[in-house]
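**Q** To start, I am sharing the structure in question, which I have written as structure tokens.
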Amino acid sequence: RAKVLAQKFGAKYYLSLEKMLSQPNIDATVICTPHAFHAEQCVLAAEAGKHVLVEKPMATSLEDCDRMIEACRRSNVKLMVAHSHRFWPGNVKAKQLIEKGEVGRLLTAYDSVVGGGFGPVGSRDPKDRFSWMQSRKLGGGGAVMFNGSHIIDRLRWWIGSEVKKVLAKVGNEVYGSEVEEYGSAFLLFENGVSATMTVSMATPGAGYCIAELIGTDGLIEVKTYENVRLGKKNWETVHVFNPENERNLTFMAEAKEFVTSILEDRRPLITGEEGKANVEVVLAIYKSS
């Protein structure tokens, strides 16, 4: 597969991570492997002097998060966690509305990512499952670790505070996976804002990604694949999802932030510490449930 893709895109491929990292013309790495491998690969990249963009979740334990942060600090390279939802145009619009005070003081929020299953969309056939995604050893968890980390990150970002209390319930009876297939949690933030979150990979086929942010002066409804609406006296559509290019714009903005943080020698938008904070909430949900 590596050879086919290399030929298609005119890229080099390596069967050894160490050999790739030894190349002097490589400045940065993007880690998109199963979660359990993130820490070791990040440390190796940092020790080779390469900047690191690592997929979410950052790691499967707080100890591994700390190893990654320390390795990048020691080697003076950038570490950014790829929580792509912070770059989704609709989510960015919601953040701008909050910062402008359009809904007053935030009181509570709801966020949900549902659908997709563990394999190809619409399939419950065991042979179609992505086996590592249902492995506790390789994935570190299921729906909460995979998609719940998106929710946790954007709630922390929107609300502008850290989670201090968690009450949660998860389950795995649909596929009988090693890991949770769905879950719900109540989150209380340090600034007093509360939020509820729901995540499910137990439902194949069409899903949704919806959030509501409720404040003293209005509310924001975010339907990631449809639109963003601001509700005050009346509803106003403030952003419309563009299926032609919005997904591409999201990942282009994420990549640009990573590269720019290197060129400008500054902290990236989503640091290792931010990634660790999200993992900490995921693990708290597991402990609560």
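Going left to right, the sequence shown walks through residues 26 to 314 as our numbering numbers them.
Even glycine gets a Cβ: it sits at the ideal position worked out from N, Cα and C.
1) Between Glu-261 and the rest of its own chain, which residues show a CB-CB distance below 6 Å, the 5 nearest in sequence each way excluded?
2) Taking 8 Å as the cut-off, does the segment 188–208 touch the segment 158–169 (at least 3 CB pairs, one atom from each stretch)?
3) Go to Glu-261, then tell me how far its beta strand (DSSP E) extends in each direction, as first and last residue.
4) Please classify Leu-104 as buried or exposed, where buried requires at least 16 neighbouring CB atoms within 10 angstroms.
5) In chain order, what residues of the same chain lie with their CB nearer than 7 Å to the CB of Glu-299, ignoring the 5 residues before and after it?
6) Would you kindly work out how many angstroms separate the C-alpha atoms of Thr-241 and Gly-129, rounded to a whole number?
7) State the CB to CB distance for the pair Ser-209 and Lys-189, rounded to an integer number of angstroms; the pair is presumed to be in contact (CB under 8 Å).
8) Measuring CA to CA, which of Gly-74, Lys-44, Ala-119 and Ser-41 is closest to Gly-243?
9) For His-108, which option in Leu-238, Val-79, Arg-99 and Ser-47 has the closest C-alpha, if you only look at C-alpha atoms?
10) Tell me whether the beta-carbon of Ala-264 lies closer than 8 Å to the beta-carbon of Gly-115.
11) May I ask you to report which of helix, strand or coil DSSP gives Ser-156?
**A** Working from what's here:
1) The sequence position of residue 261 within the sequence shown is 236, counting from 1. Hits under 6 Å: Leu-255.
2) In short, these stretches touch, since the Cβ pair count reaches three.
3) Here residue 261 refers to the residue found at position 236 of the sequence shown. From DSSP, the beta strand (DSSP E) with Glu-261 extends over 260–265.
4) By one-based count along the sequence shown, residue 104 stands at place 79. With 16 or more other Cβ atoms within 10 Å, it is buried.
5) As a working note, residue 299 is residue 274 in the sequence shown. Correct list, in chain order: Val-106.
6) Translated into the one-based positions of the sequence shown, residue 241 becomes position 216. Translated into the one-based positions of the sequence shown, residue 129 becomes position 104. So the alpha carbons of these two residues sit roughly 5 Å apart.
7) Start at 1 with the first residue of the sequence shown, and residue 209 comes out as number 184. Start at 1 with the first residue of the sequence shown, and residue 189 comes out as number 164. Incorrect: roughly 18 Å between the Cβ atoms, too far for contact.
8) Locating residue 243 in the sequence shown gives position 218, where the first residue counts as 1. Checking every option, the nearest Cα to that of Gly-243 belongs to Ala-119.
9) Translated into the one-based positions of the sequence shown, residue 108 becomes position 83. Minimum Cα distance to His-108 is reached at Val-79.
10) As a first step, residue 264 must be located in the sequence shown, where it is residue number 239. As a first step, residue 115 must be located in the sequence shown, where it is residue number 90. A quick correction: the sequence has His, not Ala, at residue 264. Against a cut-off of 8 Å, the Cβ pair of Gly-115 and His-264 comes out as a contact.
11) What you label residue 156 is simply residue 131 of the sequence shown in a count that begins at 1. Here Ser-156 sits in helix by DSSP.
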